[in-house]
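Residue numbers (our numbering): 2 to 638.
Glycine included, every Cβ here is placed at the ideal spot set by N, Cα and C.
Each remark here refers to the structure printed beneath this line.
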Amino acid sequence: MTQSPQSGRIELVIGPMFAGKTTELMSRVNRNFLASHSCYVIKYSKDMRYSKEVISTHDRRALIIAVSVGKLGEVGDKWHEYDVIAVDEGQFFQDILEFCSMAANAGKKVIVAALDNEYRNAPFENIAKLIPAAESVTKLSAVCMSCKSCDAHYTHRTVQSEQRELIGGADMYNATCRACNNRLNSQGGSLAENPKGPQSGRIELVIGPMFAGKTTELMSRVNRNYLASQSCYVIKYSKDVRYSKEIISTHDQRTLTATVSVSKLSEIGNAWCEHDVIAVDGGQFFPDILQFCSMAANAGKKVIVSALDGDYRNEPFEDIAKLIPAAESVTKLSAVCMSCNLQSCDACYTHRTVQSEQRELIGGADMYIATCRACYNRLNNQGGSLVENPQSPQSGRIEVVIGPMFAGKTTELMSRVNRYSLARYSCYVIKYSEDKRYSKENISTHDRRTLPATVSVTKLSEVGEKWCDYDVIAVDEGQFFPDILEFCSMAANAGKKVIVAALDGDYRNEPFEDIAKLIPAAESVTKLSAVCMLCGCDAYYTHRTVQSEQRELIGGADMYIATCRACYNRLNNQGGSLVENLESPQSGVAALHTVGNANELRSPGADVASVDAACRDSGGPQTATPRPLPEANLTGK
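Quick look at the structure:
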């Protein structure tokens, strides 16, 4: 593979103990393995908790290393022969910044997993210096091991020691939320149970093409909940018998024992009711996925679903499209393109390499490859030929920003446009002409921040070809354009970066069909949340406060409010009454955990006030039945 200094990058994965940092590093390494990239894996030699020869997660998943050292300077020049360099426990290497910068400047992709803060919540200085040097920073969260429901962003040491480098696992450390971390440190480390109400229900959806690490991400989230003593009910699609009938497996043979294997979720009965977390793999194959997930989340369960968003023709799986507006969190992952073999080329599409028109054709690398936009278009135009892709100008991409009303979608669009404007990219901004709430000439946010529109239309076909002269195309209120998919695909295929802000669901929580079709065609999907205008929780749904059955009814706070799941359900059951929200199993605050695609920043969660309020204000003891860790496969590449 030909590399240049421009193709190198540093990807940094940070977070507290038990957040799945090493699991994420393994997932990224394996995605590159699948794309035939050679990987050089570096272990910290003093970390001998589980093995000297492998990197291991807390649940004993393992990855074979190339070298084990105390300083990265001891590695020598061996890494030069590899495409990807992976460093685990980066916080312990004093020369991490120098080494990573040198490798990235030599055209290598460098992946680092590290703690960002130590047990006193003081930063690791070397990681703090690495953050501004990295192209990608992903902050993960664990599940609080004290209150057992909040997202945890802090590490609490449970043994008495002032030694900073004290390597250990659950025998020495807990992951905690802000409130529990403050409480535990005020109480001298006592692990007395935190008063907490029933866990809030939520749906977390992980989508992407084949080989993007969707199942790996599901396993990581399940294991984080296991570590917090949450009971997990794991559902497998019974017709997927590629690797095993009894277990869920990734393409690199990492496994998780399934609780049940079914072809329809209705076959499960009520067995899931006894568990805290429900995990569904292969979600695109279940026709009743929306009904089941909504029922479970409304009963206070955390539901995690991994699924393909589009098929080999890049057409959406309808049931997943309907699930998107019902989910609190939507994460679109990317693979590495298996055709052009460029390190920096993210793959967001699935290409079928065998001849078959059957939609449900279950297979792995024997039937499918992950491709970037340019290769997907080329392969489908060339009848599937896998000839090497010639070097060409950067291909276009589609970025979709979705969420309810008042979630900051237009603000995010403006922010992205302004970043490109500052870099001297020409931007073509498209406004929906029927939206005259704040201005006819400008795109405007609810708090009256504006961006001049280049054009105002009701159909994107009215734009003509003027957009061809620009680098970046921005479309606000994308849900109102019936030709949004055709226009965005055309522009992206012409090498343009297209940014779309849109509602994913209407006031009845039904998907906007054109946005649902756009999602599998997009390289990046970001789902934002608002703040519930009734109880203060994160809000993912739009409730209409006026009487009207008209779907396109443009308005602001005079017609709509943003609500959490519990308030949305209550309002729609009570005919829209705006009475104060009563505490219920669904009303607890759960922090948003957004991963974004593999190359984007992950949100650290809900705001501080929301997380603190969850631990501070709710009453009643939280009980969870501890379960043994899932059966793990100890082999790795």
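> In its own chain, which residues sit with a C-beta less than 6 Å from the C-beta of A67, not counting the 5 before and 5 after it?
Replying inline: Y41 and V42
> Given that a residue counts as buried once 16 or more other Cβ atoms are within 10 Å of its Cβ, and exposed if not, what is L334?
Replying inline: The Cβ neighbour count for L334, taken over all protein chains shown within 10 Å, is at least 16; the residue is labelled buried.
> Under the rule that 16 or more other beta-carbon atoms within 10 Å means buried, what is R121, buried or exposed?
Replying inline: exposed
>> So the candidates are R32, F19, G409 and S52; which of them puts its Cα closest to the Cα of A336?
In response: Comparing Cα-Cα distances from A336 to each of R32, F19, G409 and S52, the minimum goes to R32.
> Considering only residues of the same chain and omitting the five flanking positions on each side of N299, which have a CB-CB separation below 8 Å?
Replying inline: G202, R566, N570 and Q587
> What is the C-beta distance between E413 and L529, in whole angstroms, given that I count them as a contact (C-beta under 8 Å)?
Replying inline: 7 Å
>> Beta-carbon within less than 8 Å of N226's beta-carbon, same chain only, minus the 5 sequence neighbours each way: which residues are those?
In response: V144, C233, D277, V278 and K303
> Beta-carbon separation of S28 and T177 under 9 Å?
Replying inline: For S28 and T177, no; Cβs fall outside 9 Å.
> Under the three-state reduction of DSSP, which class applies to G16: helix, strand or coil?
Replying inline: strand
> Excluding five sequence neighbours on each side, which residues of the same chain lie with their C-beta closer than 8 Å to the C-beta of E163?
Replying inline: none
> If we ignore side chains and look at the alpha-carbon of each, how far apart do P326 and L504 end up?
Replying inline: 9 Å
>> Excluding the 5 residues flanking S457 on each side, which residues of the same chain have their C-beta closer than 6 Å to its C-beta?
In response: K432 and S434
> Curious, which full-length alpha helix (DSSP H) runs of at least 4 residues does the segment 354 to 432 contain?
Replying inline: Listed in chain order, they are 374 to 382 and 410 to 423.
> When DSSP builds the beta bridges, which residues end up paired with R639?
Replying inline: What the structure shows of the chain is the stretch from 2 to 638, and residue 639 is not part of that stretch, so it cannot be assessed.
> So what does DSSP say about K467, is it helix, strand or coil?
Replying inline: Residue state, collapsed to three classes: helix.
>> Once the 5 residues before and after D48 are set aside, which same chain residues still bring their CB inside 6 Å of it?
In response: E90 and I168
> Rounded to a whole number of angstroms, what is the C-alpha to C-alpha distance between I248 and I290?
Replying inline: 20 Å
>> Below 8 Å on the Cβ atoms is my contact criterion, and I expect L116 with I15 to pass it. Report the Cβ-Cβ distance as a whole number of Å.
In response: 7 Å
> Once you ignore the five residues that flank M406 on each side, which residues in its own chain have a CB closer than 6 Å to its CB?
Replying inline: T543, Y561 and A563
> Any idea if T81 is buried or exposed, counting beta-carbon neighbours within 10 angstroms, 16 or more meaning buried?
Replying inline: The displayed chain sequence assigns His, not Thr, to residue 81. It counts as exposed.
>> Could you tell me the alpha carbon to alpha carbon distance between E487 and G479, rounded to whole angstroms?
In response: Rounded to whole angstroms, E487 to G479 spans 12 Å at the Cα level.
> Between G209 and D241, which are expected to be in contact by the criterion C-beta below 8 Å, what is the C-beta distance as a whole number of angstroms?
Replying inline: Not really, about 17 Å apart at Cβ, beyond 8 Å.
> Skipping 5 residues on each side, what residues in its chain have a beta carbon closer than 8 Å to that of G214?
Replying inline: S28, R29, N31, R32, T251, L334, A336 and A599
>> Less than 6 Å between C-beta atoms, sequence neighbours within five positions excluded: which residues of the same chain meet that for A297?
In response: I279 and V304
> Taking buried to mean at least 16 other C-beta atoms within 10 Å of its own C-beta, is G397 buried or exposed?
Replying inline: buried
> What is the DSSP secondary structure of N582, counted as helix, strand or coil?
Replying inline: With a pLDDT of 37 at N582, under the threshold of 50, the predicted position of this residue should be treated as unreliable, and no value is reported.
>> Measuring straight from C-alpha to C-alpha, what distance separates G465 and R61?
In response: 57 Å
>> So, with DSSP's three-state summary, where would you put D152?
In response: strand
> What are the start and end residues of the alpha helix (DSSP H) that includes E205?
Replying inline: Element bounds for E205: not the alpha helix (DSSP H) but the beta strand (DSSP E), R203 to G209.
> Between which two residues does the beta strand (DSSP E) containing S221 stretch?
Replying inline: Not the beta strand (DSSP E): S221 falls in the alpha helix (DSSP H), residues K215 to L228.
>> Taking its Cβ as the centre, do 16 or more other Cβ atoms sit within 10 Å of P17, making it buried, or is it exposed?
In response: Under this definition P17 is a buried residue.
> Run through DSSP, which three-state label would T459 get?
Replying inline: coil
>> Could you tell me the alpha carbon to alpha carbon distance between R420 and V430, rounded to whole angstroms?
In response: 14 Å
> Can we say the segment 102 to 112 touches the segment 68 to 87, given the rule of at least three CB pairs closer than 8 Å?
Replying inline: yes
> Residues in its own chain within less than 6 Å of G577 by CB, not counting five upstream and five downstream?
Replying inline: Low per-residue confidence applies at G577: pLDDT is 42, beneath 50, and the placement is therefore not dependable, though the value from the model is reported in the following sentence. None.
> Just how far apart, CA to CA, sit V261 and V223?
Replying inline: 15 Å
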